[in-house]
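Trainee: Residue numbers (our numbering): 387 to 543. All C-beta atoms in this analysis are idealised placements derived from N, C-alpha and C, irrespective of residue type, glycine included.
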Ligand SMILES: [Zn+2]
C-alpha cells in the first residue's frame, strides 16, 4: 500500500493542493470547463469505500461535504455533482463539481460530449468563466478555514 512511482495519484502536486491531512488531500482539478471542480483524494491505495474503516469513511465523507458546502456558498452553482468512479487508479477519490446552465455539458454529465453552443452562449460562458476564476482564491481560503474546523482535525505532518 505504499506509494507507487508509476501511479499518477501517488505523485502529489503541491501546485494544485488546497488542503491536506495525513489521510487525504483536497485538490483543485484545474478544469477550465468547470472552475471550482475540486477533488478529495485518499493518499493510500484503496479502491473501494468499503475497504476503509468506518472512521476513515466518516472522515473522508465529512471532508467531501465541507467541500460541497463551501463550494455552494462561495461559487453559487445551480447544482453540485458529487461522483466517485476511480476505475483507472486504486485511490478512492471524490469529484465535487459545480454546475451552471452555461457550462458546456449542462444538463448532461460532465463526462458527456460538449453540447453545440451558439457564439452568444460561448461569449456568455467566457465572461462567466472569468468571473468564476476570480473567485478561486476566496473559495480556497474559505475551504481551508472550514476544513480546519472539522472535529479531530490534525494538520499533515
Ligand atoms: Zn497511487
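In the DSSP assignment, find the unbroken beta strand (DSSP E) run with residue 516 in it and report its ends.
Mentor: Against the chain shown, residue 516 aligns to sequence position 130. Per DSSP, residue 516 belongs to no beta strand (DSSP E); it is in the alpha helix (DSSP H), 505-520.
Trainee: Please classify residue 457: does DSSP put it in a helix, a strand, or coil?
Mentor: Residue numbering aside, residue 457 sits at position 71 when the chain shown is read from its first letter. Residue 457: helix per DSSP, three-state reduction.
Trainee: Does residue 466 come out as helix, strand or coil in the three-state DSSP assignment?
Mentor: For this step, residue 466 is matched to residue 80 along the chain shown. Residue 466 falls in the strand class under three-state DSSP.
Trainee: Is any heavy atom in ligand 1 found nearer than 7 Å to the beta carbon of residue 431?
Mentor: The residue you call residue 431 lines up with position 45 of the chain shown. Residue 431 Cβ: within cutoff of ligand 1.
Trainee: Buried or exposed for residue 434, going by 16 or more other Cβ atoms inside 10 Å?
Mentor: By 1-based counting over the chain shown, the position of residue 434 is 48. By the neighbour-count rule (16 or more Cβ atoms within 10 Å), residue 434 is not buried but exposed.
Trainee: Look at the alpha carbon of residue 491 and the alpha carbon of residue 499, and state the distance between them as a whole number of angstroms.
Mentor: Counting from 1 along the chain shown, the entry for residue 491 is found at position 105. Counting from 1 along the chain shown, the entry for residue 499 is found at position 113. Those two C-alpha atoms are separated by around 7 Å.
Trainee: Could you give the C-beta distance for residue 428 and residue 409, rounded to a whole number, given that I count them as a contact under 8 Å?
Mentor: Residue numbering aside, residue 428 sits at position 42 when the chain shown is read from its first letter. Residue numbering aside, residue 409 sits at position 23 when the chain shown is read from its first letter. Indeed, because the Cβ distance is near 7 Å, the residues count as touching under 8 Å.
Trainee: What three-state label does DSSP hand residue 555 in the structure shown?
Mentor: Residue 555 is absent from the model: the chain starts at 387 and stops at 543.
Trainee: What are the start and end residues of the beta strand (DSSP E) that includes residue 484?
Mentor: Here residue 484 is taken as the residue at index 98 of the chain shown, counted from 1. It spans 479-485 - the beta strand (DSSP E) in which residue 484 sits, taken as one unbroken run.
Trainee: Sort out for me which residues DSSP pairs residue 412 with in a bridge.
Mentor: Counting from 1 along the chain shown, the entry for residue 412 is found at position 26. 405 and 426.
Trainee: Going by CA-CA distance only, name the one from 509, 506 and 413 that's closest to residue 481.
Mentor: Numbered from its first residue, the chain shown carries residue 481 at position 95. Measuring from the Cα of residue 481, the nearest candidate turns out to be 413.
Trainee: Using three-state DSSP, classify residue 432 as helix, strand or coil.
Mentor: Taking the first residue of the chain shown as 1, we reach residue 432 at position 46. Residue 432: strand per DSSP, three-state reduction.
Trainee: Please report the straight-line C-alpha distance between residue 425 and residue 504, rounded to a whole angstrom.
Mentor: As a first step, residue 425 is located in the chain shown; it is residue number 39 there, counting from the start. As a first step, residue 504 is located in the chain shown; it is residue number 118 there, counting from the start. Roughly 31 Å between the two C-alpha positions.
Trainee: Under the three-state reduction of DSSP, which class applies to residue 475: helix, strand or coil?
Mentor: As a first step, residue 475 must be located in the chain shown, where it is residue number 89. Three-state result, residue 475: coil.
Trainee: Less than 6 Å between C-beta atoms, sequence neighbours within five positions excluded: which residues of the same chain meet that for residue 423?
Mentor: Counting from one through the chain shown, the residue named residue 423 turns up at place 37. Counting only Cβ-Cβ distances below 6 Å, and skipping sequence neighbours, we find 415, 417 and 483.
Trainee: Could you check how far apart the C-beta atoms of residue 456 and residue 486 are, in whole angstroms? I think they sit under 8 Å.
Mentor: Position 70 of the chain shown, counted from the first residue, corresponds to residue 456. Position 100 of the chain shown, counted from the first residue, corresponds to residue 486. No, residue 456 and residue 486 are not in contact; Cβ-Cβ is about 17 Å, not under 8 Å.
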